[in-house]
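Worksheet: one structure, shown below.
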Amino acid sequence: MAITTSICSSPNQPPILPTLSLPTIPFTPLKTHHPLQLHLPFPSSSSKFGGNLVSNDALAIAAAAEALVLARAAVEAAIDAVAVTEEIGEVWSCRENGNESSGLVARRKMRRKRRKRLEALDEEMNRDVEDGMVSFGFVRYEHLSPREEAECCLSLKEGARLESERFRVVEAQKHEPTSKQLAKAMGMKMRSIDKVLCKRRESQEKIIRSYRGLVVSVASSYQGKGLSFQDLIQEGSIGLLRGAGKFDHERKWKLSTYVYWWIRQAIIRAIENKSRIIRLPMPGLVEKLIGFQVEMGHVCGMMAKITKAQNSLNQRLQRLPSHDELAEVIKVNASTVKLVCERSRPPISLDRVATVRGSMTLQM
């Protein structure tokens, strides 16, 4: 199989359409949200030779299937390239004829075609939502009704109450309680305890599947701040479950609006606590270390305000502001500003070269 594409766009020559050289492959549109699965029969014989033959056949079939998928994807890419080249050709032909207005019309047609494609995708997405499932890549998200959301939140609250009682028993007895002891402390039957735990686990899975798109949307705006995208999604999911456990469905609020702030808070708190090699302390620990109260909450929050004030004063004064000037803007003590700036400096590696010329490092 060979695919050759060539696109030439110049003011003097019309664009050349891509040339395709493909074998006769029956083409069917790909559905990327359904991964390819191969069901291979394995013989019941346990001989080593038979196992090697089966494994080799399986590898050959899997490689052939993967090659077929790549070939179909290449065909789709080539078809898209042909469509784009035809649109570019219309614009260049109008320019060569000296008709700029026609070029504008061609560009408007291109935008209109793209808009229609997006509208078609939106309609397909809305149909999937009405059916109760929304697909994003390889994962399908459930669409919960308000009644199902209320039931899930109540299950989470009941599970949280059971968990708090377990912690109380652990602190009193200094060891992990058995199911019988926990049921006795809660005044419930062991079967009811197991039922509450199972419902809590199912509710957590339903809520995470339903609102994973919201978590991904919030986490995407905090990329590049010290944590990987997977870690941001994980922390956002923890905040989602924490907010769902505190949601009151009787107030007629939307669960998505309520848990948004919990997701955002969990991600911001994770960036503050886990993005640095040396973790910046919380306010209570700061008071013990430096001997006076930090008026503005977390050190990371104070550092963000100091950075904002520093940028503003730098533009106005055309120089780096002093600690006193920063303290006057954010209304704190100058010693607090100095201490926070010193403690928030990034660490220096011992393997870093100490001089511009030479190979001397800081490590002895």
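Positions in the sequence shown are counted from 1; adding 640 to them yields the working numbering.
C-beta atoms are modelled at their ideal positions from N, C-alpha and C, and glycine is treated no differently.
For M830, the enclosing alpha helix (DSSP H) covers residues M830 to S850. Three or more Cβ pairs closer than 8 Å define a contact, and the segment 880–890 falls short of that threshold against the segment 908–918. No Cβ-Cβ contact shorter than 7 Å links V980 with H963.
Per DSSP, the continuous alpha helix (DSSP H) segment holding R882 begins and ends at F869 to G885.
For the set S915, M826, I833 and I878, the Cα lying nearest the Cα of R849 is the one of I878. Of the candidates V809, V899 and I988, the residue whose Cα lies closest to the Cα of R916 is I988. The Cβ atoms of I873 and A859 lie closer than 7 Å to each other. G883 and V899 have their alpha carbons spaced roughly 5 Å apart. Shortest Cα-Cα distance from R985 to any of V969, T947, R787 and A823 involves T947.
Annotation: the continuous alpha helix (DSSP H) that includes K824 extends over S819 to M826. Counting C-beta pairs with one atom in each stretch, the segment 820–836 and the segment 783–794 have fewer than three that are closer than 8 Å, which means they do not touch. Cα atoms of L960 and N954: separation of roughly 5 Å, rounded to the nearest angstrom. Counting only the Cα atoms, S819 lies some 14 Å from S804. Secondary structure at Y862: coil, using DSSP grouped into helix, strand and coil. Using a 10 angstroms sphere on the CB of W901, the tally of other CB atoms stays under 16, which defines it as exposed.
Taking the CA atoms as reference points, V809 sits about 35 Å from T897. Per DSSP, the unbroken alpha helix (DSSP H) holding S804 starts and ends at P786 to Q813. V855 and G885 do not touch by the CB rule: their CB atoms are close to 16 Å apart, not below 8 Å.
The C-alpha of R956 is placed about 16 Å away from the C-alpha of I970.
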